[in-house]
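Everything in the sequence shown is counted per the numbering used here, starting at 29 for the first residue and increasing by one.
The block underneath contains the structure these notes are about, expressed in structure tokens.
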Amino acid sequence: MEPTSGSSGKVLHIYHSQAAFDTYFSFVFRHLSSLGYRPWQRVAYTAFDPLVSLPWERLGLGVRQQVDLRSRDARTFLNELIAINPQLITAFPSILLMIIRVATSAELRRIRPQAIHLHSELLTDGIRDTIRMAFDCDCFDDYSTIEFHHVATECRHHRYHTAADNVILEVVRDGQPVAPGEEGEIVITGLTNQAMPLIRYAIGDVGVAGVSERCGCGSSFPTMELVQGRVDDFIVLPSGRRLSPRIVNPAIELIPGILEHVLIQEARDHVVVQLHVAEGYRDSLPQQVAFALRSLFGEPMRIEVMLDQDLERGRTGKLRSIISKVHRSASHLDQVPALHQSYGEVH
Ligand SMILES: [Zn+2]
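Okay, here's the thing in structure tokens:
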């Protein structure tokens with residue numbers, strides 16, 4: 029049984045059968061194998077909860093070594109990564125960013141994975157490029173949810189293929205399928221878990237239906253694009269205009285000196301930004317961030333910037349960078365409050 033890890037206070041418990049878990053593991057193996065992973069390679073796996081040993085790990089196959097997120101200290105994470113010397117890293121993007129920020133370039137050169145598997149958080153192009161450059165290897169994203177586990181995975185040609193033997197994924201608007209290339213709400217039917225069948229479940233994510241051309245990776249599974257995950261909220265401006273985290277996050281995270289940020293929309297006309305900043309940037313950054321956000325919003329908003337916050341992470345160690353306290357009342361999805369949870373750590 030897994031609770032979804034959202035922060036709205038309501039938790040939907042999802043029950044998976046043991047047989048379903050076994051099948052999910054085979055899907056993970058299929059995805060990682062397609063990226064070049066082999067079961068005897070060293071894997072560094074970031075996790076908050078201690079890993080449960082899997083039967084094949086006792087045979088020396090598919091062994092995962094944990095970077096323990098309970099220490100909450102990037103230096104400790106870095107030292108653990110160096111000690112593991114992984115050929116594959118599977119991690120939340122925000123954890124790797126924390127490590128990159130404390131590591132010297134000599135330390136980073138000691139970690140040379142062949143691939144990095146990212147999951148559970150919204151992956152922006154800026155974050156992807158930072159991780160790719162720091163570790164000098166390619167990154168591959170994974171769209172997974174607590175409810176279904178594998179929904180879509182990114183192939184080595186950087187396209188997201190729906191796991192069509194695990195889910196039926198539909199992109200709909202007003203209940204009708206959208207045309208290929210168009211955006212809509214993602215609705216999922218699970219094919220694996222018989223303990224708790226979910227049929228045409230509105231997961232709360234926005235995506236684009238794929239075009240049906242063959243991908244160079246050889247997969248015949250349909251493609252899709254995730255436009256907006258539930259991990260971060262939209263910002264709703266006083267006029268009612270909604271801004272996607274895909275627009276809001278880069279406006280902040282690409283400003284030099286910012287190590288981590290959490291933006292909380294307290295009211296339609298009030299946002300609070302909590303910042304963790306590098307030395308030497310303390311005086312200039314609050315004004316710079318307020319200016320960047322004022323320009324982005326283009327509407328009267330009270331913007332408060334706070335330094336030295338101990339940024340709040342969810343129980344699993346995952347960072348949500350945009351939390352809206354007004355977004356939910358503005359969303360049509362409020363009709364199904366139990367489905368509002370953000371997706372969590374599922375690997
Ligand atoms: Zn492909």
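Idealized CB from N, CA, C, for every residue including glycine.
In whole angstroms, give me the CA-to-CA distance for residue i and residue j.
i: residue 163; j: residue 95; result: 16 Å
i: residue 42; j: residue 229; result: 13 Å
i: residue 72; j: residue 268; result: 43 Å
i: residue 93; j: residue 220; result: 28 Å
i: residue 159; j: residue 86; result: 31 Å
i: residue 366; j: residue 232; result: Note that residue 366 scores a pLDDT of 26, beneath 50, so its modelled location is shaky; the value from the coordinates is reported in the next line. Cα-Cα distance, rounded: 11 Å.
i: residue 296; j: residue 266; result: 5 Å
i: residue 153; j: residue 124; result: 15 Å
i: residue 126; j: residue 284; result: 15 Å
i: residue 320; j: residue 98; result: 34 Å
i: residue 208; j: residue 101; result: 44 Å
i: residue 222; j: residue 48; result: 7 Å
i: residue 407; j: residue 69; result: A question about residue 407 goes unanswered here, because the residues of the chain that appear run from 29 up to 375.
i: residue 329; j: residue 202; result: 32 Å
i: residue 108; j: residue 63; result: 23 Å
i: residue 224; j: residue 323; result: 46 Å
i: residue 205; j: residue 253; result: 15 Å
i: residue 270; j: residue 262; result: 6 Å
Do residue i and residue j have their C-beta atoms closer together than 8 Å?
i: residue 146; j: residue 119; result: yes
i: residue 352; j: residue 290; result: no
i: residue 65; j: residue 143; result: yes
i: residue 310; j: residue 335; result: yes
i: residue 106; j: residue 141; result: no
i: residue 339; j: residue 304; result: yes
i: residue 298; j: residue 245; result: no
i: residue 293; j: residue 354; result: yes
i: residue 226; j: residue 307; result: no
Excluding the five sequence neighbours on either side, which residues of its own chain have a C-beta within less than 7 Å of the C-beta of residue i, listed in chain order?
i: residue 247; result: 183 and 189
i: residue 110; result: 135, 138 and 139
i: residue 121; result: 146, 149, 151, 155 and 159
i: residue 318; result: 331 and 333
i: residue 327; result: 265, 266 and 267
i: residue 82; result: 90
i: residue 300; result: 292, 294, 332 and 334
i: residue 20; result: This structure cannot speak to residue 20, because the chain is shown only from 29 to 375.
Just mark residue i as buried or exposed, buried being the case when its beta carbon has 16 or more other beta carbons within 10 Å.
i: residue 113; result: exposed
i: residue 33; result: Residue confidence is low: residue 33 scores 41 on pLDDT, short of 50, so the model does not pin down where it sits. No coordinate-derived value is stated.
i: residue 59; result: buried
i: residue 131; result: buried
i: residue 218; result: buried
i: residue 302; result: buried
i: residue 78; result: exposed
i: residue 80; result: exposed
i: residue 54; result: exposed
i: residue 273; result: buried
i: residue 172; result: buried
Ordered along the chain, which non-local residues of its own chain (more than five positions away) have a Cβ less than 6 Å from that of residue i?
i: residue 187; result: 243 and 251
i: residue 52; result: 177
i: residue 169; result: 146, 151 and 182
i: residue 89; result: 67
i: residue 75; result: 94
Residues in the same chain with beta-carbon distance under 8 Å from residue i, minus the five sequence neighbours each way, listed in chain order, please.
i: residue 192; result: 249 and 250
i: residue 165; result: 140, 141, 142, 143 and 144
i: residue 129; result: 102, 287 and 306
Within the present structure, is the beta-carbon of residue i separated from the nearest heavy atom of ligand 3 by less than 7 Å?
i: residue 167; result: Of the ligands one can find in the structure shown, namely ligand 1, none is ligand 3.
Could one say the Cβ of residue i lies closer than 8 Å to chain C's Cβ atoms, at least one of them?
i: residue 108; result: In summary, chain C is missing from the structure at hand, where a single protein chain is found.
* Pair every Cβ in the stretch 274-285 with every Cβ in the stretch 205-224, then say whether three or more of these pairs are closer than 8 Å. => Short answer: they don't touch.
* Are the stretch 227-237 and the stretch 192-205 touching, with three or more C-beta to C-beta distances below 8 Å? -> yes
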